[in-house]
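Worksheet for the structure shown next.
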DNA sequence: GTGATAGTTAGCAGTATGGCTAAGCATGAT
DNA sequence: ATCATGCTTAGCCATACTGCTAACTATCAC
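In structure tokens, the structure reads:
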């Protein structure tokens with residue numbers, strides 16, 4: 001349960017909110033300013049800022065400020081721990097199903113004797 | 001932003017908790033009773049029950065009661081909306097990067113004239 | 001410098017989350 | 001019939017989340 005775990009919690013939590021997901025989708029299209037991101041959501045700036053903080057702390061976006069404009073961009077690599085975790089889970093239950101298959105095959109073979 | 005969206009929120013939220021993820025991992029190995037799941041967590045039964053409810057409402061596990069024992073099992077297909085969403089996002093930003101590539105190539109070609 | 005623009009900070013309100021205890025209700029074992 | 005087991009329900013507590021407004025800072029345009 002190392003930092004690895006914390007990362008995943010941050011990631012999943014960041015992705016659990018529809019507003020944040022739609023912001024991510026928008027950023028997947030193209031980088032954008034905070035105000036541009038706020039527009040479609042219909043939320044107030046401070047609220048959107050909070051969502052952006054969550055996304056940034058999860059590492060899903062990166063932001064930089066130029067003058068008074070903050071530009072946000074997606075960080076595609078940030079999704080990979082999620083994929084990795086999903087793959088791990090899948091590997092575990094697939095291995096189990098394989099063993100189950102083997103067991104069933106064995107039973108059938110025994111029956112055949 | 002239909003039910004699809006709600007599903008994703010439920011899924012991501014369910015996955016955002018370390019306890020719930022470790023329960024899922026345990027269930028990926030093999031189905032288990034509530035008490036068996038509670039053991040490793042060190043949490044009290046009612047607390048674990050709550051986590052199980054969250055997982056079940058997200059569709060990640062299925063449970064059935066036989067006598068006084070409730071057995072929980074993972075639902076592997078339940079993960080697929082997550083994968084699908086990740087794939088969609090990836091497709092979007094990959095398309096963008098492709099366009100960017102094309103643009104750069106074009107600029108270089110123009111320069112070559 | 002004045003004013004508009006883009007973010008930012010502080011703090012409030014309502015709800016949700018994650019833990020607990022205590023008590024209840026079946027079911028299985030003796 | 002009694003007792004232990006396995007789960008369930010109800011309800012409490014502290015904290016965290018998501019929205020808001022109001023007020024502030026920093027830049028850019030004139």
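Chains as they are written, first to last, in our numbering: chain C, 1 to 113; chain Y, 1 to 113.
Glycine residues also receive a C-beta, built at the ideal position from the N, C-alpha and C atoms.
**Request:** Answer yes or no: does any C-beta atom of chain Y fall closer than 9 Å to that of residue 51 of chain C?
**Result:** At a cut-off of 9 Å between beta carbons, residue 51 of chain C makes no contact with chain Y.
**Prompt:** How big is the Cα-Cα spacing for residue 84 of chain Y and residue 34 of chain Y?
**Reply:** In a straight line, the C-alpha of residue 84 of chain Y is about 30 Å away from that of residue 34 of chain Y.
**Asked** Who are the neighbours of residue 82 of chain Y on chain C, taking C-beta pairs under 7 Å?
**Response** Near residue 82 of chain Y (Cβ distances below 7 Å), the residues of chain C are 86.
**Request:** For my contact list, residue 16 of chain Y and residue 28 of chain C are in at a C-beta cut-off of 8 Å; report their separation, rounded to the angstrom.
**Result:** Going by Cβ atoms, the distance from residue 16 of chain Y to residue 28 of chain C rounds to 21 Å, so no, they are not a contact pair.
**Message:** On the DSSP letters alone, give me the boundaries of the beta strand (DSSP E) that residue 17 of chain C sits inside.
**Reply:** Taken as a continuous stretch (DSSP letters only), residue 17 of chain C belongs to no beta strand (DSSP E), as it is neither H nor E.
**Interface positions of the segment 4-22 of chain C facing chain Y (Cβ-Cβ less than 9 Å), listed along the chain** = So the list reads 5, 6, 8, 9, 10, 11, 12, 13, 14, 15, 16, 17, 18, 21, 22, given in the order they occur along the chain.
**Asked** With residue 91 of chain Y and residue 54 of chain Y assumed to form a contact (beta carbons below 8 Å), what rounded beta-carbon distance in angstroms separates them?
**Response** Their Cβ separation, rounded to whole angstroms, is 30 Å, which puts residue 91 of chain Y and residue 54 of chain Y out of contact at 8 Å.
**Asked** Applying a beta-carbon distance threshold of less than 7 Å, which residues of chain Y neighbour residue 24 of chain C?
**Response** Going along chain Y in sequence order, the residues near residue 24 of chain C (Cβ under 7 Å) are 89.
**Prompt:** Is there at least one Cβ from chain C nearer than 9 Å to residue 93 of chain Y's Cβ?
**Reply:** For residue 93 of chain Y, the answer is yes, since a Cβ of chain C falls inside 9 Å of its Cβ.
**Item:** Beta carbon proximity, residue 1 of chain Y to chain C, threshold 9 Å
**Value:** Confidence in residue 1 of chain Y is poor, its pLDDT being 49 and thus under 50, which makes the residue's placement unreliable; the coordinate value appears in the next sentence. Between residue 1 of chain Y and chain C, the shortest Cβ-Cβ separation is below 9 Å.
**Request:** Quick one: which residues of the segment 36-48 of chain C get their C-beta closer than 8 Å to a C-beta of chain Y? List them in chain order.
**Result:** None of the residues of the segment 36-48 of chain C has a beta carbon lying less than 8 Å from any beta carbon of chain Y.
**Asked** What are the uninterrupted segments assigned as alpha helix (DSSP H) that are 4 or more residues long and contained completely in the segment 25-108 of chain C, given in chain order?
**Response** The qualifying runs are 34-41, 45-57.
**Residue burial classification, residue 97 of chain C (beta-carbon count within 10 angstroms, cutoff 16)** = Answer is exposed; the Cβ neighbour count stays below 16.
**Message:** Within 10 Å of its beta-carbon, does residue 4 of chain Y have 16 or more other beta-carbons around it, so buried, or fewer, so exposed?
**Reply:** With fewer than 16 Cβ atoms within 10 Å of its Cβ, residue 4 of chain Y is classed as exposed.
**Item:** Chain-order list of residues whose beta-carbon lies under 8 Å from that of residue 119 of chain C (same chain, five-residue window excluded)
**Value:** Since the first and last residues shown for chain C are 1 and 113, residue 119 of chain C lies out of range.
**Item:** Proximal residues of chain C, C-beta to C-beta of residue 96 of chain Y below 8 Å
**Value:** Counting only Cβ-Cβ distances below 8 Å, residue 96 of chain Y has contacts in chain C at 28, 29, 30, in chain order.
**Request:** Could you pull out every residue in the same chain whose Cβ sits closer than 7 Å to the Cβ of residue 10 of chain Y, ignoring the five residues on either side in sequence?
**Result:** Excluding positions up to five away in sequence, the list reads 57, 58.
**Asked** If you measure from the beta carbon of residue 74 of chain C to each beta carbon in chain Y, is any gap under 9 Å?
**Response** Yes, contact with chain Y.
**Prompt:** With burial defined as no fewer than 16 other Cβ atoms inside 10 Å of the residue's Cβ, what is the status of residue 116 of chain Y: buried or exposed?
**Reply:** Because chain Y in this structure spans residues 1 to 113, residue 116 of chain Y falls outside the shown range and cannot be described.
**Item:** 6 Å CB neighbourhood of residue 43 of chain Y in its chain, flanking five on each side removed
**Value:** None.
**Asked** Looking only at C-alpha atoms, which of Y/50, Y/61, Y/94 sits nearest to residue 24 of chain Y?
**Response** The option with the nearest alpha carbon to residue 24 of chain Y is Y/61.
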